[in-house]
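Participant:
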């Protein structure tokens, strides 16, 4: 069977070999109660976060570079993944948080079909996914947490090699926006929070991303503006990425979001751009 799960549509026989994403099956790097997601996600006890290895986007600046390039990790079956979800739930997780799930969404769906957790399931995606794949896993997902990275094809090509990033991410986020918002106080139970990572020397594209989100998202959809960019990955040939975002750059994007009328914005302090916030991988 040729894999057409993600927009790359590499055609790999995933039963025999890895696809463009670098993964053949389910490979985990870590799972634990993560306290540093957005407040409605981590809430009080922490988000039951599961980090999947492999990625179809493969950003050069990826802070989880070892994972996206499948340089480490432990293979598990859908049954074992189901048991991991249960263990996180029993440990008090506010939700089950699937990090970089797009390239293995079919296998995650198998695990969720065995037992749907009694806490919300969060789909924590880079946004580069197909509507068909989303439709297949959507019955199991309560909260979508995508990152809309770029609007510019040139930036997407430079940093990911995928000039068509926005062509797929835009309809994917529009699909996710159909999930009705349900909250319990300040904790999200169902709905959508859209992230955008502000990059050095790329604020003009950030403003265009915000324009699209304002035009597309239902009124009141929360926006998370991330300031956590830390030089990482394989950026030797990208001098503009060898620094953190300045206060002026971040303020420009935040002020624009406020001017557009976003009602609920999660922000990050300057200190969020530190390697200490990158998890230590178990496998």
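Residue numbers (our numbering): 11 to 293. Using N, Cα and C, we set each Cβ at its ideal position, and we do this for glycine too.
#1: Between 238, 290, 131, 118, which has its C-alpha nearest residue 89's C-alpha?
#2: Label residue 110 either buried or exposed according to how many other C-beta atoms from any shown protein chain fall within 10 Å of its C-beta, with 16 as the threshold for buried.
#3: Quick one: using the 10 Å Cβ neighbour count with 16 as the cut-off for buried, is residue 198 buried or exposed?
#4: Taking only the alpha-carbon atoms, compute the straight-line gap between residue 277 and residue 266 and give it to the nearest angstrom.
#5: Are there three or more Cβ pairs, one per stretch, closer than 8 Å when the stretch 44–54 is compared with the stretch 63–83?
#6: How many Å lie between residue 223 and residue 22 at the Cα?
#7: Does the distance from the CB of residue 201 to the CB of residue 190 come in under 8 Å?
#8: Measuring straight from C-alpha to C-alpha, what distance separates residue 156 and residue 144?
#9: Alpha carbon to alpha carbon, what distance is there between residue 176 and residue 162?
#10: Determine contact between the stretch 48–55 and the stretch 98–114, defined as no fewer than three beta-carbon pairs at a distance below 8 Å.
#11: Strictly by DSSP, which residues pair up with residue 23?
#12: Short of 7 Å in beta carbon distance, which residues of its chain neighbour residue 262, apart from the five on each side in sequence? Order them along the chain.
#13: Where does residue 44 sit, in a helix, a strand or coil, going by DSSP?
#14: Taking 7 Å as the cut-off, is the CB of residue 109 close to at least one heavy atom of the ligand COA?
#15: Can you tell me the Cα-Cα spacing of residue 309 and residue 85, whole angstroms?
#16: Can you give, in chain order, each stretch of the alpha helix (DSSP H) that sits fully within the stretch 163–243 and has at least 4 residues?
Facilitator: Considering the structure as presented:
#1: For this step, residue 89 is matched to residue 79 along the chain shown. Per the Cα distances, 118.
#2: Locating residue 110 in the chain shown gives position 100, counting from the first residue. Residue 110 is buried by the Cβ-count criterion.
#3: The sequence position of residue 198 within the chain shown is 188, counting from 1. The residue in question, residue 198, is buried, as its Cβ has 16 or more Cβ neighbours within 10 Å.
#4: The residue given as residue 277 occupies position 267 in the chain shown. The residue given as residue 266 occupies position 256 in the chain shown. Roughly 13 Å between the two C-alpha positions.
#5: By the Cβ rule, the stretch 44–54 does not count as touching the stretch 63–83, because fewer than three pairs are nearer than 8 Å.
#6: Counting from one through the chain shown, the residue named residue 223 turns up at place 213. Counting from one through the chain shown, the residue named residue 22 turns up at place 12. Cα to Cα, the separation comes out at about 33 Å.
#7: Taking the chain shown and counting its residues from 1, the one referred to as residue 201 is at position 191. Taking the chain shown and counting its residues from 1, the one referred to as residue 190 is at position 180. Yes, Cβ-Cβ distance for residue 201 and residue 190 is below 8 Å.
#8: For this step, residue 156 is matched to residue 146 along the chain shown. For this step, residue 144 is matched to residue 134 along the chain shown. Answer to the nearest angstrom: the Cα atoms are 12 Å apart.
#9: Numbered from 1 along the chain shown, position 152 holds the residue referred to as residue 162. Numbered from 1 along the chain shown, position 166 holds the residue referred to as residue 176. Cα-Cα distance, rounded: 8 Å.
#10: Output reads yes: the stretch 98–114 touches the stretch 48–55.
#11: As a first step, residue 23 is located in the chain shown; it is residue number 13 there, counting from the start. In DSSP, residue 23 forms a bridge with 12.
#12: Locating residue 262 in the chain shown gives position 252, where the first residue counts as 1. Excluding positions up to five away in sequence, the list reads 213.
#13: As a first step, residue 44 must be located in the chain shown, where it is residue number 34. Three-state result, residue 44: strand.
#14: Inclusion of the ligand COA in the displayed structure is not the case, the ligand content being empty and no account of it being possible.
#15: With the chain covering only 11 through 293, there is no way to say anything about residue 309.
#16: 163–170, 175–186, 213–226
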